[in-house]
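Here is the structure we will look at, set down as structure tokens.
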Amino acid sequence: MKSLASKTVPKQFISFQILFMFVIILILVVSFDSTAFASSSTRKDVGEEGSESAALLKWKASLDNQSQSLLSSWVAGSNHCKWIGIGCNKASRITHIELKSYGLRGMLSDLNFSSFPHLLSLNLFNNSLFGSIPSNMGSLGRLIYLSLVTNHLSGKIPSEIGQLSNLKILYMNENQLGGSIPQEMGLLSSLNEFGAYSNNLIGSIPPSIGNLSTLTTLYIYDNKLSGCIPPEIGQLGSLIDLELSWNNLMGSIPASIGNLSTLTTLYIFDNKLSGSIPPEVGQLGSLIDLELSENNLTGSIPASIGNLSRLTALYLRQNQLSGSIPPEIGLLRSLIDLMLGVNNLTGPIPISIGNLDLLQYLYLDDNQLTGYVPPVFKNLTHLIEFEIDLNKLTGPLPENICFGGLLTKLTAHDNNLAGPIPESMKNCRSLNRVRLDRNQLSGNISEDFGIYPNLSYMDLSHNNFYGELSQQWGMCHNLTSFKISNNNISGEIPPKLVEATQLAVLDISSNHLVGEIPVKFGSLVSLFNLRLNDNQLSGCIPREIGSLTNLQTLNLAVNNLNGSIPGELGDCLKLLNLNLSNNRFAKGIPSELGNLHGLEIFDLSHNFLLGRIPPQIGALQRLETINLSNNQLSGSIPLSFIDMLSLISIDISCNQLEGPLPNMRAFQKAPFEVLKGNKGLCGNATGLKACLQQGVSKKKGKKGVLLIVLPVLGFLLLSLMVLGYFMAFRKKERAKKHESRKVNNENLFSIWSYDGKMVYENIIEATENFSDKHCVGEGAYGAVYKAAFPNGQVVAVKKLHASSDGDMANRKGFTSEINTLTKIRHRNIVKLYGFCSHPRHSFLVYEFMDGGSLRKVLTTENEAVELDWIKRVNVVKGVANALSYMHYDSLPPIIHRDISSKNVLFDSEYTAHISDFGTARFVKPDTSNWTSFEGTFGYAAPELAYTMEVNAKCDVYSFGVLTLELIMGKHPGDLIYSLSSASLSSSSTSSAAKGILLKDVLDHRLPPPRDQVAEQLVVVSKLAFACLQSNPLSRPTMQQVAMKVSNQRPYVHNQFYLITLGELFDINC
């Protein structure tokens, strides 16, 4: 053992010495290499540091002046690591650029990203950067975090983005990026979060996105993505939040989505998805929020959805889901929001929903549900909003509907509910909006309701309530709309109701109210809709009603009101509808009513009115319907009625009127029933005698005197005319030199001459010789310029192309036609002032419309939303009335030939005006109805493809296209093409259209239409399809269209969301 030890120790010692010497040599070598490397690296770093700072300074210089001032610390020669927004590592290499919310304005392409090889984080959130994302951003190989959110970046996402292999977070939301998501996104294997929402991305979601196995967040909503959801999305095993909403995604939801076991949020609402909800959704055990609303999903709700025990929000609203609500929904004990409204669900409401004791928002509205509302709903004590309207439910409302005292919204209208109001409702002070109208509910109105300090909307109309109105309603100080019409309410209107000072709508019509209208109603200054009709009210109309300056509808018809009509009503300048019919008013019609220039419906029939019709009534140029029948009016119809350009319907029967009818279509084409029973009316209308010419029945002696006197008077008159002519001629010559100076202080077009001598120079000056900066549009026949004159007048000047004004063969006829068109006065037609012909320029001068064209409005997101459904219906009415006027009330009739969205212009109040009417005829006047094509492709009638005979039915077809464009928010070419494989009147097309729901073609930028607006849209849609008949003879006339669109009847055949286009193909609509 010892010998072994003595031999072993020296051997180990020798090995240690050798090892020690090797380490010393290695250290020396490494030290030498490190020194050399450090020396080399230091020289390299100094160069690269200079390159980084130089790149930043170059970019700073490219920004605007204000941005440069914000980066004042970026100075050449200073330590760039201390510059604002810059972070460095220990080697002074830039690793972070943090410039969020600095308001920088410039382009990223001016920043050389290849100069930053050590960059880890780039944050440019909330600036004003524009231009495209440069491809050399792909050189940032170490980048972990990139945020370009809330800028004005455009162009495509560069494919080089796929080179950022270390990138974990990528956000480029809220820009204007277009193009498709590049396939190379699938190379970002380290990516955890990706957001590109609120851009203009198109194309499909690339399947390569399934490679991003570490992705937890995917936000690409609010774009224009199309195609199907790729099944590969089911490979994103780490995904927590998936949001694809507000796109145009189609096809079905892939079953592979059930593989996303960690998913907590799934938003795919507001797309065009179809097919059924896959049962595999029930495998998403971590899901908290599921929103699939506003798609075209069909089939039943899968029972497997009851497995989602963590779910707090389930939104399946506004699809085409059918079948019954699965009772398994009652297993979702964490549910707070349940939205199943606007579908085709049938059967009873499952009792199991009563188990959802955390539920706050329950929407089952607009389905076909039947049966009772389950009594166990009394357990839902946390309810805040409860909607069950538009179903077929029966029985009473749940007793403890407001037991928790949290309910703010209750809508149960349009059912068959019966019984009393739940007792818990009386003390439900949280209520804000209640709609129980159109049921069979009953009870004492004065006892069943309490005081609701937060209530803003209450509609109890069309029920069986009785009793008297309580004074307590006046204590609902936030109440803006109170409707209780068509019940059995009696007693007087409580004066304290006016203490609800925010009231804007008050409808207590069709009851048994007595007494007088409270004088204090004049203090309800917010009121715009007041309906007290069909009661037993008596006394006079309070003069204080004239203080309601916001009033648009005043209906006091069918009462026992008496006295005179107060002239103060003429101060309600916003009135659109005034109905005082079927009362006991006496004396005359107050002339002050002629101040109601916006009035559209005027009904004073069935009273005891005396005297003449005031000529001031003729100033109501927007009036469409007037009914003065069954009174004791006398005298002739005022000549001023000729100015009532929008008038469509009249009734003056059963009076004592006499004399000629006004020379306007509403009177001349009126049926005898609306003219009969008068003293001596005459005219060309059916059933009336022709008016005698006003001649003189002279005796023979008088005739002899006239034979002597008339020639003498004629000679004297002729002499005076000749003398006056020469004096006027000399005066005109003297004034001619000064005329252009004077014209600036006058209304240019009140002294317009049709050869343009007086205004030519003024227009040249106002447009700076037709400078491009004054150009506001370009048409087939010339450019349109805005001309503003020193006197404040603004006009639109269409400068005709040289070829347009150079081919006018019949100048005399052309001038005569201009003369005729300048006399057109219609509130929906742009006024043509005249035509100016000059060797250098020829142009037409129109009224200027500052609201732009319909095409511009529909293609601009904000303006399209501003043009809501009511405004769009009014546009249809306006264009229809204008075309009816041009076709039937103009002499000679005018065919527009180019009705399109670019030729419908708006004023500042969105009133539609047809422009460019007759321009094609001006440029190439024809002697027949045969012409070359002059319209806009996509709007022209199909028969113009094989015949060039233009008639009024061509305008009707174009009007149909325009109307669909308004409804859809875009040109309906694809829809028309899909339905035109057969004639629109054929059964094959009607059958094809049965598969398309009207709601699916509506402009989805607007909220879904409701109630009367929805009914109006159905009527308008029916008219549009009637106008699009392939056979011109099958199309209605514009006169028929104008009458139907102005006298709409409710469409009650089907619920709005179930109406198909096939139901609208009714030629005789």
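If you read the sequence shown in UniProt numbering, its first letter stands for residue 1, the second for the next number, and so on.
Even for Gly, the Cβ is constructed at its ideal location relative to N, Cα and C.
Keep in mind that this is a model prediction, so the values were computed, not measured.
Item, Value
"Pair within 8 angstroms by beta-carbon distance, residue 626 and residue 602", "yes"
"Beta-carbon separation (whole angstroms), residue 186 vs residue 165, contact threshold 8 angstroms", "Actually they are not in contact, since the Cβ atoms of residue 186 and residue 165 sit about 12 angstroms apart, beyond 8 angstroms."
"Short CB-CB distance (under 8 angstroms) between residue 167 and chain B", "Looking for chain B here will not work: only one protein chain is present."
"Same chain, Cβ closer than 7 angstroms to residue 143, five either side skipped, listed in chain order", "119, 120, 122, 164, 166, 167"
"The segment 848-858 contacting the segment 615-629, beta-carbon criterion three pairs below 8 angstroms", "no"
"Boundaries (first-last residue) of the alpha helix (DSSP H) holding residue 906", "Segment 904-906 is the beta strand (DSSP E) holding residue 906; no alpha helix (DSSP H) there."
"Nonlocal neighbours in the same chain, by C-beta distance under 7 angstroms from residue 648, ignoring five residues either side", "624, 625, 666, 1042, 1043, 1046"
"Three-state class that DSSP yields for residue 584 in the structure shown", "strand"
"Residues of its chain near residue 535, where Cβ-Cβ distance is below 6 angstroms and the 5 sequence neighbours each way are ignored", "511, 513, 559"
"Outcome for residue 606 when other beta-carbon atoms lying within 10 angstroms are tallied against a minimum of 16", "buried"
"Of the listed residues 446, 1010, 273, 243, nearest to residue 254 (C-alpha basis)", "273"
"Cβ contact (3+ pairs, closer than 8 angstroms) linking the segment 327-335 and the segment 294-311", "yes"
"Residue 220 to residue 361 span [Cα, whole Å]", "27 angstroms"
"Rounded Cβ spacing between residue 642 and residue 663 (contact assumed at less than 8 angstroms)", "7 angstroms"
"Beta carbon of residue 251 nearer than 8 angstroms to that of residue 232", "no"
"Per-residue burial, residue 788 [other beta carbons within 10 Å of its own, 16 or more giving buried]", "exposed"
"Contact check, residue 1139 vs residue 266, beta carbons under 8 angstroms", "With the chain represented from 1 up to 1069, any question about residue 1139 goes unanswered, as that position is not in the structure."
"Through-space distance from residue 418 to residue 371, alpha-carbon basis", "12 angstroms"
"Assigned secondary structure, residue 909 (DSSP; H/G/I helix, E/B strand, else coil)", "coil"
"Integer Cβ distance of residue 530 from residue 506, believed to fall under 8 angstroms", "5 angstroms"
"Burial state of residue 22 (16 or more Cβ within 10 Å)", "At residue 22 the pLDDT is 46, less than 50, meaning the model places this residue with poor confidence and gives no usable figure here."
"Residue from 517, 347, 223 whose Cα sits closest to the Cα of residue 203", "223"
"Residue 564 to residue 538 span [Cα, whole Å]", "13 angstroms"
"Within 8 angstroms, strictly: CB atoms of residue 568 and residue 545", "yes"
"Exposure label - residue 772; buried when at least 16 CB within 10 Å", "exposed"
"Paired residues, beta bridge with residue 656 - DSSP", "634"
"Sequence-distant residues of its chain with Cβ nearer than 6 angstroms to residue 156 (five each side left out)", "179"
"Contact between the segment 1018-1030 and the segment 957-969 (3+ Cβ pairs under 8 angstroms)", "yes"
"Chain-order list of residues whose beta-carbon lies under 6 angstroms from that of residue 316 (same chain, five-residue window excluded)", "292, 340"
"Beta-carbon contacts of residue 299 that lie in its chain and below 6 angstroms, excluding the five residues immediately before and after", "276"
"Option nearest residue 373 by Cα separation, candidates 383, 359, 388", "388"
"Host alpha helix (DSSP H) of residue 963 (start-end)", "952-968"
"Residue 1079 vs residue 1035 beta-carbon contact at 8 angstroms", "Residue 1079 is absent from the model: the chain starts at 1 and stops at 1069."
"Spatially closest choice to residue 941 from 997, 999, 794, 1029, by CA coordinates", "1029"
"Identity of the residue in 509, 236, 501, 604 nearest residue 261 by Cα", "236"
"Short Cβ contact (8 angstroms threshold) for residue 576 with residue 598", "yes"
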